[in-house]
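Below you'll find the structure, written out as structure tokens, and then a few comments.
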Amino acid sequence: MQPRIDFYTASPEAYKAMLAFETAASKLGLEKSLLELVKLRSSQINGCAYCIDMHTADARKDGETERRLYAVTAWREAPFFTPRERAALAWTEALTRLSDTHAPDTDYELLNQHFTPREMVDLTVAINAINGWNRLAVGFRKMPEA
1 MQPRIDFYTA SPEAYKAMLA FETAASKLGL EKSLLELVKL RSSQINGCAY CIDMHTADAR
61 KDGETERRLY AVTAWREAPF FTPRERAALA WTEALTRLSD THAPDTDYEL LNQHFTPREM
121 VDLTVAINAI NGWNRLAVGF RKMPEA
């Protein structure tokens with residue numbers, strides 16, 4: 001794939017808006033390790049090589065294990081994730097694939113068991129942020145460094 005436009009420079013105002021949204025979402029109080037798993041899973045679903053590369057590197061820097069990172073694609077079958085992480089990953093998949101899933105009650109109920117109402121909203125905002133970044137990066141073919 002060939003890069004298309006550089007969305008950072010094509011619209012600095014839009015880029016600043018996305019950065020502000022991302023910054024706000026990252027400061028809502030959820031665990032950084034949980035947010036990196038969510039960002040990674042959404043990026044995998046969306047096929048965003050740039051974001052997958054970035055978020056695996058960020059997760060490693062923050063102490064995430066290779067074993068868990070490799071297993072994110074098969075988190076339902078892997079024994080390495082906590083019930084809270086599983087609820088977040090299920091909600092991430094449901095919202096990232098919204099047109100197919102319509103955010104099913106089973107995923108919502110699981111989320112409700114492990115997150116407070118505020119955390120549920122905060123997690124949803126974080127999922128929205130990474131999906132926005134994925135759409136910019138995939139749409140304009142942002143590539144990871146080789």
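Letter 73 of the sequence shown, counting from 1, is numbered 73 in full-length UniProt numbering, and no numbers are missing. Where is the CB? At the ideal position from N, CA and C, for every residue including glycine.
| Asked | Found |
| --- | --- |
| F80 versus R68, A59 and A57, residue with shortest Cα-Cα distance | R68 |
| Classification of H102 by the beta-carbon crowding that lies within 10 angstroms, buried from 16 upward | exposed |
| Length of the line joining the Cα atoms of L108 and W91 | Before going on, a small fix: residue 108 reads as Tyr here, not Leu. Approximately 7 Å, taken between the alpha carbons. |
| Boundaries (first-last residue) of the alpha helix (DSSP H) holding I52 | A49 to K61 |
| Whole-angstrom distance between L110 and T23, CA atom to CA atom | 27 Å |
| Contact set for G132: own chain, Cβ-Cβ below 8 Å, skip 5 residues either direction | M18 and F21 |
| Under the three-state DSSP convention, the category R4 falls into | coil |
| Coarse secondary structure for P104, derived from DSSP in three states | coil |
| Distance between beta carbons of V72 and I130, contact taken as under 8 Å | The Cβ separation is near 13 Å, so there is no contact. |
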